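Presented below is the structure to which this report refers.
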Amino acid sequence: MYEQLCKTILQKPVAIRTIHQYLTEKQEDTPTCILRHDVDRQPLTALNMATLEHSLGIKASYYFRFIKGVYIPDIIKAIHAMGHEIGYHYETLSKCRGNHEKAIALFQEELTTFRSLCPIATISMHGRPFSPHDNRNLWQKKDFREFGLAGECYLSIDYRKVTYLSDTGRTWNPHRYNIRDQVKQDVDLQPNLESTNDLISFLDRGHYRDTCILTHPNRWASSKGAWLYSASSDFIINQGKRVILALRRP
Numbered sequence: 001m002y003e004q005l006c007k008t009i010l011q012k013p014v015a016i017r018t019i020h021q022y023l024t025e026k027q028e029d030t031p032t033c034i035l036r037h038d039v040d041r042q043p044l045t046a047l048n049m050a051t052l053e054h055s056l057g058i059k060a061s062y063y064f065r066f067i068k069g070v071y072i073p074d075i076i077k078a079i080h081a082m083g084h085e086i087g088y089h090y091e092t093l094s095k096c097r098g099n100h101e102k103a104i105a106l107f108q109e110e111l112t113t114f115r116s117l118c119p120i121a122t123i124s125m126h127g128r129p130f131s132p133h134d135n136r137n138l139w140q141k142k143d144f145r146e147f148g149l150a151g152e153c154y155l156s157i158d159y160r161k162v163t164y165l166s167d168t169g170r171t172w173n174p175h176r177y178n179i180r181d182q183v184k185q186d187v188d189l190q191p192n193l194e195s196t197n198d199l200i201s202f203l204d205r206g207h208y209r210d211t212c213i214l215t216h217p218n219r220w221a222s223s224k225g226a227w228l229y230s231a232s233s234d235f236i237i238n239q240g241k242r243v244i245l246a247l248r249r250p
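Quick note, the sequence shown lines up with residues 1 to 250 if you use the numbering used here.
Written out as structure tokens, the structure is:
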């Protein structure tokens, strides 16, 4: 299904760019499609997706968490070697339970470790839906550019001009299970989508404006068994998110 999505995008009059390219290169008249991946779990699936994209001539952005089982140097270096962008999927404010001073120090430490593998020019906060701390608040008291970074996915892009599509919660619906991966988006830029087939149909209808498509590789699978495991895991997590969202409603 992801291969079908990529091939659909390749058929459209859009330029596929990484986050870093979008932020630093002069934009052409051609609309941009940013392909971004947040590697929360299952980095081997991320490697498979990166290999597929590479075979199609696509370069995407991959943001890795710094946790056991995800920060795997050989996989990160292999994806970088294909020409993809590697970014740091930080969550240090959650890890440090809201202590900004400790969180900044940990951010510097983890970023340095990532940079020992390959260049890191952009970052993306990890949502941590069951944490009380929003990791992008780390930059209320510090400027991420002081670390030699070109941008932060949620803070450096004006999503009032860019359609933001995320598979968070195993749906392309931006509100159903999305607690943290939210952006300020004009209503006319939010299509009513659920499945990837809906997304493909949406693109086929002629959506030619700047777009960012965010996927989480752990939600995609190349076998029925892996798909069942992923779908079951998301179902359980989504029930917890439902409770949180219900408590937030007035």
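A virtual CB, placed ideally from N, CA and C, is assigned to each residue, including glycine.
From a predicted model like this one, the values you see are computed outputs, not experimental measurements.
When Cβ pairs closer than 8 Å are counted between the two stretches, the stretch 101-111 is seen not to touch the stretch 74-81, the count staying below three. Of the residues E25, I16, I157, R41, the one whose Cα lies closest to the Cα of I72 is R41. In the structure shown, A46 adopts helical secondary structure according to DSSP, grouped into three states. A straight line joining the alpha-carbon of Q21 with that of H54 spans about 17 Å. Among the bridge pairs identified by DSSP, S124 is matched with H89.
Remark: C-beta atoms of H89 and R65 approach each other more closely than 8 Å.
Sorting H100, P191, E85 by C-alpha distance to the C-alpha of T92 places H100 at the top. Here E25 carries a coil assignment [DSSP, helix/strand/coil]. Taking I120 as reference, the option from S201, E152, H133 with the minimal CA-CA separation is E152. One alpha carbon belongs to K26, the other to R170, and they sit about 34 Å apart.
Taking the Cβ atoms as the reference, I16 lies roughly 6 Å from I58, within the contact range of under 8 Å.
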